[in-house]
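Colleague:
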Amino acid sequence: MARIPTARLATYGQVAELLGAWGRARQVGWALRRLPLPTPIPWHRVVNARGSITMTPSREGSDWIQRDLLVAEGIPVDARGRVPLARFRWDPPLPLVF
DNA sequence: AAGTTGACCTCAT
DNA sequence: AATGAGGCCAACT
C-alpha cells in the first residue's frame, strides 16, 4: 500500500492482486481492520470496487477518518462516501512475487 | 469441530 | 440503482 502515490486510489482487490493473492480482497479488508491508528501506512487510499469508502459502524469511525484524509489530499468525497475512482485510480506497475 | 462473520468482488437479475 | 447469489478465507464463536 505504501506504493500507492499520494492522491491516488486503489481497490481492495487491486492490493490483493499486488500481493499475488487474486480474489482475496476480503483478507485485505481483514488486515486493514486491524491496523493500529495512526499509522504511516496510507491505508486511506484503498476503497471498494464500487468506488466508495465502505461506510459501516463496525469500523468504529475509521471510515470517517478515511474521508477526512482523502479530502485533505484533494480527493472529493460525496455525502454517501463515493469517490471519483475512475479519475484517481492507480495502476500498479508490477505484481509482487515472492 | 461446525457455523458465523466480515473495511470484498463479479455477475446476474 | 438496488438486491441477491456465489465465491473468497482467516478469525472468532
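Numbers given in the numbering used here equal positions in the first sequence, counted from 1, plus 43. Glycine residues also receive a C-beta, built at the ideal position from the N, C-alpha and C atoms.
(1) Determine the burial state of L78: buried for a count of at least 16 other Cβ atoms within 10 Å of its Cβ, exposed for fewer.
(2) Residues in its own chain within less than 7 Å of P85 by CB, not counting five upstream and five downstream?
(3) So what does R67 bridge to, in DSSP terms?
(4) How big is the Cα-Cα spacing for A74 and R51?
(5) Buried or exposed: which applies to L113, given that a residue is buried once 16 or more other Cβ atoms fall within 10 Å of its Cβ?
(6) Taking F131 as the reference, which of L61, R123, S95 has the closest Cα?
(7) Taking Cβ positions, are P135 and Q70 nearer each other than 8 Å?
Modeller: With the given structure in hand:
(1) Along the first sequence, read from residue 1 onward, the residue named residue 78 stands at position 35. L78 is exposed by the Cβ-count criterion.
(2) By one-based count along the first sequence, residue 85 stands at place 42. Excluding sequence neighbours, P85 sits near M44, A45, I47.
(3) One-based indexing of the first sequence puts residue 67 at position 24. According to DSSP, which records beta bridges pairwise, R67 is partnered with nothing at all.
(4) For the purposes of this step, residue 74 is taken as residue 31 along the first sequence, with counting starting at 1. For the purposes of this step, residue 51 is taken as residue 8 along the first sequence, with counting starting at 1. Distance between the alpha carbons of A74 and R51: 20 Å.
(5) Looking up residue 113 in the first sequence gives position 70. It counts as buried.
(6) As a first step, residue 131 is located in the first sequence; it is residue number 88 there, counting from the start. When each option's Cα is compared against that of F131, the closest is S95.
(7) Sequence index remark: in the first sequence, residue 135 carries index 92 (1-based). Sequence index remark: in the first sequence, residue 70 carries index 27 (1-based). Going by C-beta atoms, P135 is not nearer than 8 Å to Q70.
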